[in-house]
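Colleague: Dropping a structure here in structure tokens format, bear with me for questions.
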Amino acid sequence: MKKIVFLFCWLFPTLTQAQNDQGITFQVFENWQQLLTKAKAEHKNIFIDAYATWCGPCKKMDAEVYTDQKIGALMNTNYIAVKVQFDQSKNDNNQIKSWYTDAEHLMSTFHIDAFPTLLFLTPDGQLIYKDLGYKDVNQFANLIKDVNDPALNYSNQIASFKAGKLKYSQLLRLSLKAKEYKDSIAIDIAKTYKTKVLDVTEPTQSFNKEVRDFMVEFQQLFTSKDKVVRYIIQYQSKSDQLLDQKGFAKKFSDYLITKTEIDPMIMPLGKYVTKQPDWFTLERKLKNAYGNNTAYRLLVTTKYNWYTHKQDWPNAVKYTTQYLDMQGIDTATWAASGINGIVFTTIFMHSDDPKYLRKGMSYMEIILKAHPEHHTWIDTYANLLYKSGKKEEAIQQEQRALTLATDLKDENRVISYRKVLEKMHNNQPTWE
4 MKKIVFLFCW LFPTLTQAQN DQGITFQVFE NWQQLLTKAK AEHKNIFIDA YATWCGPCKK
64 MDAEVYTDQK IGALMNTNYI AVKVQFDQSK NDNNQIKSWY TDAEHLMSTF HIDAFPTLLF
124 LTPDGQLIYK DLGYKDVNQF ANLIKDVNDP ALNYSNQIAS FKAGKLKYSQ LLRLSLKAKE
184 YKDSIAIDIA KTYKTKVLDV TEPTQSFNKE VRDFMVEFQQ LFTSKDKVVR YIIQYQSKSD
244 QLLDQKGFAK KFSDYLITKT EIDPMIMPLG KYVTKQPDWF TLERKLKNAY GNNTAYRLLV
304 TTKYNWYTHK QDWPNAVKYT TQYLDMQGID TATWAASGIN GIVFTTIFMH SDDPKYLRKG
364 MSYMEIILKA HPEHHTWIDT YANLLYKSGK KEEAIQQEQR ALTLATDLKD ENRVISYRKV
424 LEKMHNNQPT WE
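Written out as structure tokens, the structure is:
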């Protein structure tokens, strides 16, 4: 992969690069340290427009936003503005290449991996605010106002956290902002918020969309024993309503019960144990703690994963069908693709049982009803038909898959489907 690099437009530190007489005045410096020296001397914050030469939205901001008089008035008095190019070109001269070491440091520090990235820094280079993506004139003006608000200043908030001065709602928002910025202090802020708020407040009072985001971003802080998790397990529908996402409570509680109760028995060191688990003991434990429905759901999922990993195909096929029946067949493209993979690699490849082959066909029929022209999934269906003894229908479906792949010029699939058809015509197994 081409190495991403950090470049300043190179001239002399006293030169400027104004978009026009009214817009932002972008200055240029010989190196990062020189920029910091000037910012400290003038007591000005720093604005970095991080862009790439191939970035369309970056060019759009150059043409439409940075040239605006209102934006220039907001920026030029209070900020030293610089434009920074972050992609590497074969035309880079020695002056540009001299920035490579600083580039790696700055990219790592500010986690720049998308463009445009808009960085607002203190005179000594500490992060005040970071945003991504194209902003029109009004959006950028509002962004500047937010950045200039001391209450929203990231470095000020971090200092307030360290001094123990933040309110509980501020802790929540700052933890999420720090996680977004990939700041290592995020976990400390999150622990403080969880201990001081979530662990001692009634969920009906604390739950909202931001708390849901917090649970997702810092799920490693939770266990199935936590007060909020116990509430989620017991009142799933109400929790979904409060957290504003249908199905969240079940997914989150299942994840935590698995992490807390199942994984220590199944994969205590992050790897599956060699000996078959004591399913009876685990089932009894889950039923007693979480009820029959939750126990069944988690055991089916666990057994499906366990037997598939161990390549115990009779049991893997059995629990694959139980798992899919339990989950239901989601026909959204990404979900259907995953189901197709499970059906092909587990049921088709490793079962001769007509019952399970029929199951596999029924799953694919649901998917193909929603995606009738998807040749890869038609191929799976055709192979299931063939293994079930429905040769003529299988050939018809495989030929259809071949035609669709040919129309799409998918050469690899065309070759594969032709080989499958040849085996079908010759009564040869397509699963070997």
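Those letters in the sequence shown? Residues 4 to 435, by the working numbering.
Cβ coordinates follow ideal geometry from the N, Cα and C atoms, glycine included.
Taking the Cβ atom as the reference point for each residue, do K138 and L146 lie within a distance shorter than 8 Å?
Modeller: Contact flag set, yes.
Colleague: Report the rounded CA-to-CA distance for E286 versus M268, giving the unit in angstroms.
Modeller: Approximately 12 Å, taken between the alpha carbons.
Colleague: Would you say the beta carbon of T277 is closer than 7 Å to some non-hydrogen atom of the ligand SAH?
Modeller: No copy of the ligand SAH appears in this structure; indeed no ligand is present at all.
Colleague: Is the stretch 195–215 in contact with the stretch 165–176, if contact means three or more CB pairs nearer than 8 Å?
Modeller: Judged by Cβ distances under 8 Å, the stretch 195–215 makes contact with the stretch 165–176, as three or more pairs qualify.
Colleague: Which value, in whole angstroms, describes the spacing of the CA atoms of F225 and F255?
Modeller: Rounded to the nearest angstrom, the two C-alpha atoms are 10 Å apart.
Colleague: Got a sec, what are the start and stop residues for the beta strand (DSSP E) K278 sits in?
Modeller: Segment: none, K278 is in no beta strand (DSSP E) and carries neither H nor E.
Colleague: Are there 16 or more other CB atoms within 10 angstroms of the CB of I418, so buried, or fewer, so exposed?
Modeller: Counting Cβ neighbours within 10 Å, I418 comes out exposed, since fewer than 16 surround it.
Colleague: Could you tell me the alpha carbon to alpha carbon distance between A447 and Y307, rounded to whole angstroms?
Modeller: The structure shown does not extend to residue 447, since the chain is modelled only from 4 to 435, so the question has no answer here.
Colleague: Going straight from the alpha carbon of Q36 to that of T204, what length do you get?
Modeller: Roughly 47 Å between the two C-alpha positions.
Colleague: Report yes if the C-beta distance between H353 and A319 is below 8 Å; otherwise report no.
Modeller: For H353 and A319, yes; Cβs fall inside 8 Å.
Colleague: What is the C-beta distance between V87 and A66, in whole angstroms, given that I count them as a contact (C-beta under 8 Å)?
Modeller: So it is not a contact: roughly 18 Å between Cβ atoms.
Colleague: Compute the Euclidean distance between the alpha carbons of P60 and T120, then round it to the nearest angstrom.
Modeller: Using only the alpha carbons, I get a separation of about 11 Å.
Colleague: So the candidates are N211, D257 and F283; which of them puts its Cα closest to the Cα of Q248?
Modeller: Minimum Cα distance to Q248 is reached at N211.
Colleague: Should G363 be labelled buried (16 or more other beta-carbon atoms within 10 Å of its own) or exposed?
Modeller: When all chains shown are included, G363 counts as buried.
Colleague: Pick helix, strand or coil for V214, following the three-state DSSP scheme.
Modeller: Here V214 sits in helix by DSSP.
Colleague: Going by DSSP, what residue range makes up the beta strand (DSSP E) through K133?
Modeller: Per DSSP, K133 belongs to the beta strand (DSSP E) from L130 to L135.
Colleague: Per DSSP, what kind of secondary structure is T409 in: helix, strand or coil?
Modeller: Of the three classes helix, strand and coil, the one that applies to T409 here is helix, per DSSP.
Colleague: Quick one: what's got a C-beta closer than 7 Å to T195's C-beta in the same chain, skipping five residues either side?
Modeller: Same-chain partners within the cutoff: L174.
Colleague: I need the DSSP call for I83, collapsed to helix, strand or coil.
Modeller: The answer is strand: DSSP assigns I83 an E or B state.
Colleague: Suppose you measure from the CA of F164 to the CA of S178; what does that come to, to the nearest Å?
Modeller: Rounded to whole angstroms, F164 to S178 spans 10 Å at the Cα level.
Colleague: With a Cβ-Cβ cutoff of 8 Å, do L135 and I51 count as a contact?
Modeller: Contact flag unset, no.
Colleague: Just tell me which of P357, K412, P206 and Y420 has its CA closest to the CA of W380.
Modeller: Ranking the options by Cα distance to W380, first place goes to Y420.
Colleague: Using the three-state DSSP reduction, which class does Q431 fall into: helix, strand or coil?
Modeller: Coil at Q431, not helix or strand.
Colleague: Go to Y2, then tell me how far its alpha helix (DSSP H) extends in each direction, as first and last residue.
Modeller: The structure shown does not extend to residue 2, since the chain is modelled only from 4 through 435, so no value can be given for it.
Colleague: DSSP three-state call for L246: helix, strand or coil?
Modeller: In this structure, L246 counts as helix in the three-state DSSP scheme.
Colleague: In chain order, what residues of the same chain lie with their CB nearer than 7 Å to the CB of T444, ignoring the 5 residues before and after it?
Modeller: Since the first and last residues shown for the chain are 4 and 435, residue 444 lies out of range.
Colleague: Can you say whether F351 is buried or exposed, counting buried as having 16 or more other CB atoms within 10 angstroms of its CB?
Modeller: Per the 10 Å Cβ criterion, buried.
Colleague: What's the C-alpha gap between E425 and Y384?
Modeller: The straight-line gap from Cα to Cα measures roughly 17 Å.
Colleague: When the Cα atoms are used, what is the spatial distance from Q30 to L155?
Modeller: Cα to Cα, the separation comes out at about 26 Å.
Colleague: If you follow the alpha helix (DSSP H) that D149 is part of, which residue opens it and which one closes it?
Modeller: Per DSSP, D149 belongs to the alpha helix (DSSP H) from V140 to N151.
Colleague: Short of 8 Å in beta carbon distance, which residues of its chain neighbour V214, apart from the five on each side in sequence? Order them along the chain.
Modeller: Hits under 8 Å: L175, L201 and L246.
Colleague: Drop a sphere of 10 angstroms on the beta-carbon of N343, count the other beta-carbons inside from all chains shown, and report buried for 16 or more, exposed for fewer.
Modeller: Classification for N343: buried.
Colleague: Can you tell me whether F118 is buried or exposed? The criterion is at least 16 other CB atoms within 10 Å of its CB, across all chains shown.
Modeller: Classification of F118: buried, given that the 10 Å Cβ count is 16 or more.
Colleague: Can you say whether V276 is buried or exposed, counting buried as having 16 or more other CB atoms within 10 angstroms of its CB?
Modeller: So V276 counts as exposed.
Colleague: Count the other C-beta atoms from every protein chain shown that fall within 10 angstroms of the C-beta of A42, then say buried if there are 16 or more, exposed otherwise.
Modeller: A42 should be labelled buried.
Colleague: Does DSSP classify F164 as helix, strand or coil?
Modeller: F164: helix per DSSP, three-state reduction.
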